[in-house]
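What follows is a short report on a single structure.
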Amino acid sequence: MNKPFELVAFLIIASSWVLDPSLAEDWPVYRGNQMATGAVQTALPGEPAVLWKHSLSESGYEGTAVIAEGVVYVGDNDGMLYAYQLSDGTEVWHQKFENSGFIAGPTFHDGRIYIGDFNGIIRAVDAKNGDLIWEYEAQGESYAAPNVVGDHVLATTESGELVALDLESGELQWKFQIEAPLRCWPTVVEGHVLLAGCDERVHAIDIASGKEVAGVDIDGPTGSTPAVFDGKALFGTEQGSFYAIRVPAMEIAWRHQDPENINPIHTAAAVDSRAVVFGTQGKKFYAIHPESGEMLWTFPVRSAVESSPVIVGDSVFLATKRGVIHRVDIATGKELWKYEAGGNFQAAFAIANNRLVIGNTDGTLYCFSSEEK
């Protein structure tokens, strides 16, 4: 029987779960949690300053770092995977994978790191030392980090694959295919994967079977990762539209498009009960009310935006392709602080223990904190 997936009990607690202060202790997956909200309740006190930085990579960082058990994990475009102490930036280990490069970030789960490369190789490595445990060759580049649910490792590829691999062995369990690239992170909601594809459709895939159980057409292709909050999947498209899709019904709740600035939306959104925030190629960030779709404020910048914002307490952190990081008030959009790093930020932020971590395409990994060194 083809029925919509059931989320009722799950969505009752969704708002409180994504804002649980305990989430500030780790950031083990892209956007911080399974619903990809990119938000933590715990504020970063005071004015941030660079706690440490590493300029080790000549090719740069495009993948988003993750933070788990006091360690930062990140890969670079040359196929190097690094682990650093979050507290002071001390290197724990590094591991080189030949003929490889990581555009996507890693995922931490139960003592392992899972990461895909630009050749479509998805690897599981030991988080203690970077030693390879298994690898699987998918078809097409990995533009998004894997996700882990139950005994499945889920990964999307440029060839339009969503593969489910066995957590322990890396063996293929099932494959879902679309006829266009998949560049989004596989957001997980109550036993289902939400995929926003370049086929102009949002798909809901049953994790157990790999079958599509529901879907909705949208106005253009997208690689934007859906953030799920309060029963809605929130994401943007290449046509400059930002959607709120009701789940499980897979119906459009609202759609926002700025008629004066119709530009592609590549970022994932950060969302909590106050605002959903995203950036565009039109040199502007938007904050929209997640329930009504009403625009709250805009924040213009001097370049296109590829880096996904994060909500940290009462602030939103934004990064641009001109290498500038902005901190703005979530209620007003007023700038509170900025840092001119230079380079080009395409990776998103990771937040844990009052630390903010982000790498740029110049090959520098930054860790900011408002605490004294």
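Residues in the sequence shown are numbered from 1 upward in steps of one, following UniProt numbering.
Built from N, CA and C at the ideal position, the CB exists for glycine as well.
Handout entry: Start-to-end residues for the beta strand (DSSP E) that takes in H54
Key = 49-55
Problem - Supposed close pair P300, K232 - CB separation, criterion 8 Å - result: The Cβ separation is near 26 Å, so there is no contact.
Exercise for the section: Given a cut-off of 9 Å, decide if N147 and P181 are closer than it, judged by their beta-carbon atoms. Expected result: no
Handout entry: Separation of E62 from N360, as counted between CA atoms
Key = 7 Å
Handout entry: Min CB distance E25 to chain C below 9 Å
Key = Among the protein chains of the structure shown there is no chain C, as only one such chain exists.
Practice task
May I have the straight-line CA-CA distance separating E98 from G105, to the nearest angstrom?
Solution key: 17 Å
Exercise for the section: Using 10 angstroms around the beta-carbon of G75, count the other beta-carbons present and answer buried if the total reaches 16, otherwise exposed. Expected result: buried
Problem - Beta-carbon proximity list for G60, same chain, < 7 Å, skipping 5 on both sides - result: D76, N77, N360, T361, D362, G363
Handout entry: Residues of its chain near L199, where Cβ-Cβ distance is below 8 Å and the 5 sequence neighbours each way are ignored
Key = According to the sequence shown, residue 199 is Asp rather than Leu. G160, I178, E179, A180, P221.
Practice task
Tell me the start and end of each unbroken beta strand (DSSP E) in the stretch 300-351 that is at least 3 residues and wholly inside, in chain order.
Solution key: 310-312, 315-319, 324-329, 335-340
Exercise for the section: Have a look at S224, S209, V213 and flag the residue whose alpha-carbon is nearest the alpha-carbon of V305. Expected result: S224
Handout entry: Nearest candidate by alpha-carbon position, reference S241, set I122, Y82, I113, E260
Key = E260
Problem - Given F108 as reference, the closest of N119, G130, G101 once Cα atoms are compared - result: G130
Handout entry: Per-residue burial, P45 [other beta carbons within 10 Å of its own, 16 or more giving buried]
Key = exposed
Exercise for the section: Classify S169 as buried or exposed, calling it buried when 16 or more other Cβ atoms lie within 10 Å of its own Cβ. Expected result: exposed
Practice task
Quick one: residues in its chain with C-beta nearer than 6 Å to the C-beta of G342, no 5 flanking neighbours on either side, listed in chain order?
Solution key: G323
Exercise for the section: Classify L132 as buried or exposed, calling it buried when 16 or more other Cβ atoms lie within 10 Å of its own Cβ. Expected result: exposed
Handout entry: As assigned by DSSP and simplified to three states, the class of E25
Key = helix
Practice task
Would you list the residues sitting across from I252 in a DSSP beta bridge?
Solution key: I245
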